[in-house]
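Student: At position 50 of the sequence shown the residue is numbered 830 (my numbering), and the sequence of numbers has no breaks. For each residue, glycine too, the CB sits at the ideal point set by N, CA and C. Nothing here was measured: the structure is a model prediction, and the numbers come from that model.
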Amino acid sequence: MVNTASFPVWSHSTTTRWCHRIGIAALLLYMFTWVLSLDVSRSLEPLLMLTYLIALLVQPQRLQSFRDPLWLLFGLWLALQLITLPPAMAMFPDYAEDQIKSMRGLSKVFLILPIAWLMAGSTRIALWTLSALIVGMMVGSMLTGESPATLAHYIEAGTRPTLGFKNWQHAGVCAGVILIAQACFGWRFFIQTDDWSPWQRWLTRALFVLVAFWALTAWAITMTRSAWLGIGVVSLVALAGLLVLLAKGHLNSATAKKRIAWALTLSVLAILLMGLLFGSQVVSRILVEHNVLLEILDGDLSNVPPSSIGFRIHAWHYALQLIAEQPWFGWGPKSHIPLLLQSTNPVESTTLGAISARHNLTHFHSSYFTVLVANGITGFTVFLATVVTIGVSAYRSWRRGDMPSDVMIFLSLFFIFWAIVNLFESYMAYRTGVYVIGAVGGMAYTYSMRRRLGHHIQWQNQH
781 MVNTASFPVW SHSTTTRWCH RIGIAALLLY MFTWVLSLDV SRSLEPLLML TYLIALLVQP
841 QRLQSFRDPL WLLFGLWLAL QLITLPPAMA MFPDYAEDQI KSMRGLSKVF LILPIAWLMA
901 GSTRIALWTL SALIVGMMVG SMLTGESPAT LAHYIEAGTR PTLGFKNWQH AGVCAGVILI
961 AQACFGWRFF IQTDDWSPWQ RWLTRALFVL VAFWALTAWA ITMTRSAWLG IGVVSLVALA
1021 GLLVLLAKGH LNSATAKKRI AWALTLSVLA ILLMGLLFGS QVVSRILVEH NVLLEILDGD
1081 LSNVPPSSIG FRIHAWHYAL QLIAEQPWFG WGPKSHIPLL LQSTNPVEST TLGAISARHN
1141 LTHFHSSYFT VLVANGITGF TVFLATVVTI GVSAYRSWRR GDMPSDVMIF LSLFFIFWAI
1201 VNLFESYMAY RTGVYVIGAV GGMAYTYSMR RRLGHHIQWQ NQH
């Protein structure tokens, strides 16, 4: 366990120290088990929040501890629900209970608060948490996903496996997150394991390679185009950043050049391997809907077929109509189901509602439209303010030297990837978003929280 003596807020009292220790154990188990057993993982959420609240309440200057920008935004978000939920529950009484559940799910983005506190501004704890999430996803996938025989059959037939996740899209996006994390922290991992005993070093490195192989394979075989696009854009951004640093002379050391050579070599080998194994399937998946794109560009949406891309276009067009009707506070967190089912927007010879019912397509396939329809411009603004608050805090932490550069690089590339994939699917509204945002958002915010809470303790000691 990390020694918290150097963290004034986390070692203020025996109660605080025990809250931190219990909370870290719960956090690691929470991240590790969500694919293996969602019920077990969710049962730990109250404990995470409880340890955080108790620790804050036993501190001097406890009111200062709650003057966190995210607490203010959380309060605004809950106040907004008091405006949105009552009319939504009255309009769709059959979905009244689901409105509450969905609101609770969207509110879990603010689990960043206890998670950031438990990370204690420690890169070590933050990386433990991210590692628990990553290894847990792979282990959970291997134990709860398709059997090896079924998986081999799926790959041969071009069928998309779920790998134990909600669906193949969620699996592909989680694999993309893992690839970004391993690319950013791989060198740190190999350096830190150099001093370990031979068997520990090779065992952990073998696990690292196994996770990378699983993630690369999952990213390819789930055939999630948004995950492919996200990784493609992230790779181009990373390459552009690398070229800028080289041009400015920041990477002239032998160690830096060695890292770059290894990274480029492994990337090229991975691309070649994926091309050999899945090249034809990837090309087919990319080109399969080119006719749909032509219909969209033609401008008459009624002729756009309800394919994967086509349905999204119809759903987003309908979402814009709904937003125009209820722009400020939205229709309610779960109202997307009855709204889509009752849509009479024409789709070829039928309606959007009929297609939604026939294929059980009852959400808007975009986190942005999901929040805008659910809670209007006001709710979307609160979420956007939350993202900006965390992003600005992370940047300032890095500029002050509190956050290592590899963590900042990971956070930046993750944000680009996450922004892209959430345009095409509502990951934020499902458990995938809860856990990924919790781990990564906590990492982004923990350094700022440590400095803020540490400042309150220093002020108390001086007065």
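Thr1130 by DSSP, collapsed to three states: which one?
Tutor: strand
Student: Using only alpha-carbon positions, find the residue among Ala986, Phe872 and Glu825 that is nearest to Ser1115.
Tutor: Phe872
Student: For Asn783, which residues of its own chain have a beta-carbon under 6 Å away from its beta-carbon, when the five flanking residues on both sides are left out?
Tutor: Summary for Asn783: the model assigns pLDDT 49, below 50, so the residue's position carries little reliability; its value from the coordinates is reported in the next sentence. Answer for Asn783: no residue qualifies.
Student: What do you get for Glu1205, buried or exposed, if any count of 16 or more other CB atoms within 10 angstroms of its CB means buried?
Tutor: Classification for Glu1205: buried.
Student: Thinking C-beta only, is Leu1121 closer than 9 Å to His1143?
Tutor: no
Student: Where does Ser882 land, buried or exposed, given buried means 16+ other C-beta within 10 angstroms?
Tutor: The C-beta of Ser882 has 16 or more other C-beta atoms within 10 Å across all chains shown, which makes the residue buried.
Student: Identify whether Pro1184 lies in helix, strand or coil by the three-state DSSP scheme.
Tutor: In the three-state DSSP reduction, Pro1184 falls in the coil class, being neither helix nor strand.
Student: Measure the C-alpha to C-alpha separation of Gly925 and Arg1179 and round it to an integer number of angstroms.
Tutor: 42 Å
Student: Check Gln1240 in the structure and name its three-state DSSP category.
Tutor: Only weak support is given to the placement of Gln1240: the predicted model assigns it a pLDDT of 48, under 50, and the value that follows is read from those uncertain coordinates. If DSSP states are grouped into helix, strand and coil, Gln1240 belongs with the helices.
Student: Using the three-state DSSP reduction, which class does Asp1080 fall into: helix, strand or coil?
Tutor: coil
Student: How long is the line joining the alpha carbons of His1097 and Ile1076, rounded to whole angstroms?
Tutor: 12 Å
Student: How close, in whole Å, do the beta carbons of Met1229 and Gly901 come, if the pair is a contact with beta carbons under 8 Å?
Tutor: 7 Å
Student: Assign Ile1001 to buried or exposed, taking buried as 16 or more other Cβ atoms, counted over all protein chains shown, within 10 Å of its Cβ.
Tutor: Buried is the call here.
Student: Hey, Val953 and Val1201 are a contact pair by Cβ (cut 8 Å); roughly how many whole angstroms apart?
Tutor: 5 Å
Student: At a cut of 8 Å, does the segment 979-995 reach the segment 909-919 through at least three beta carbon pairs?
Tutor: Judged by Cβ distances under 8 Å, the segment 979-995 makes contact with the segment 909-919, as three or more pairs qualify.
Student: Identify, in the order they occur along the chain, each residue of the same chain with its Cβ nearer than 6 Å to the Cβ of Ile892, setting aside the five sequence neighbours on each side.
Tutor: Gly1221, Gly1222 and Tyr1225
Student: Taking the alpha carbon of Trp851 as the reference point, which residue from Leu836, Asp819 and Thr864 has its own alpha carbon closest?
Tutor: Leu836
Student: Sorted by chain position, which residues of the same chain lie with C-beta nearer than 6 Å to Asn1083's C-beta, five sequence neighbours on each side aside?
Tutor: Glu1075
Student: Whole-angstrom Cβ separation of Asp1186 and Arg968, contact assumed at under 8 Å?
Tutor: 6 Å between Cβ atoms; contact.
Student: Return the CA-CA distance between Trp1108 and Gly803, expressed in angstroms with no decimal places.
Tutor: Roughly 38 Å separates the two Cα atoms.
Student: Rounded to whole angstroms, what's the CA-CA distance from Ser739 to Thr864? Just pull it up for me.
Tutor: Nothing can be reported for residue 739, as the shown portion of the chain is limited to 781 through 1243.
Student: What first and last residue would you give for the alpha helix (DSSP H) that runs through Phe846?
Tutor: First-last for Phe846: undefined, no H or E at that position.
Student: Hey, how far is the Cα of Leu1009 from the Cα of Ser1088?
Tutor: 15 Å
Student: In whole angstroms, give me the CA-to-CA distance for Ala859 and Leu1025.
Tutor: If you take the alpha carbons of Ala859 and Leu1025, they lie about 46 Å apart.
Student: Does the beta-carbon distance from Gly1156 to Met869 come in below 9 Å?
Tutor: no
Student: On the CB-based measure, 16 or more other CB atoms within 10 Å of its CB, does Pro941 come out buried or exposed?
Tutor: For Pro941, the number of other beta carbons within 10 angstroms of its own is at least 16, and it is reported as buried.
Student: Taking the straight line between their C-alpha atoms, what separation do you get for Phe1160 and Ala932?
Tutor: 42 Å
Student: So, using beta-carbon positions, are Ser1146 and Ala1104 closer together than 9 Å?
Tutor: no
Student: According to DSSP, is Asn783 part of a helix, a strand, or is it coil?
Tutor: Because Asn783 carries a pLDDT of 49, less than 50, the predicted location of this residue cannot be relied on, and the following value inherits that uncertainty. Coil.
Student: Going by the beta-carbon positions, is the gap between Val1063 and Gly1090 smaller than 9 Å?
Tutor: no
Student: Hey, would you say Lys1037 sits closer than 9 Å to Leu1046, going by beta carbons?
Tutor: no
Student: Would you call Val889 buried or exposed, if buried means 16 or more other Cβ atoms sit within 10 Å of its Cβ?
Tutor: Buried is the label assigned to Val889, since at least 16 other Cβ atoms lie within 10 Å of its Cβ.
Student: Once you ignore the five residues that flank Val1014 on each side, which residues in its own chain have a CB closer than 7 Å to its CB?
Tutor: Ile960, Leu1193, Ile1196 and Phe1197
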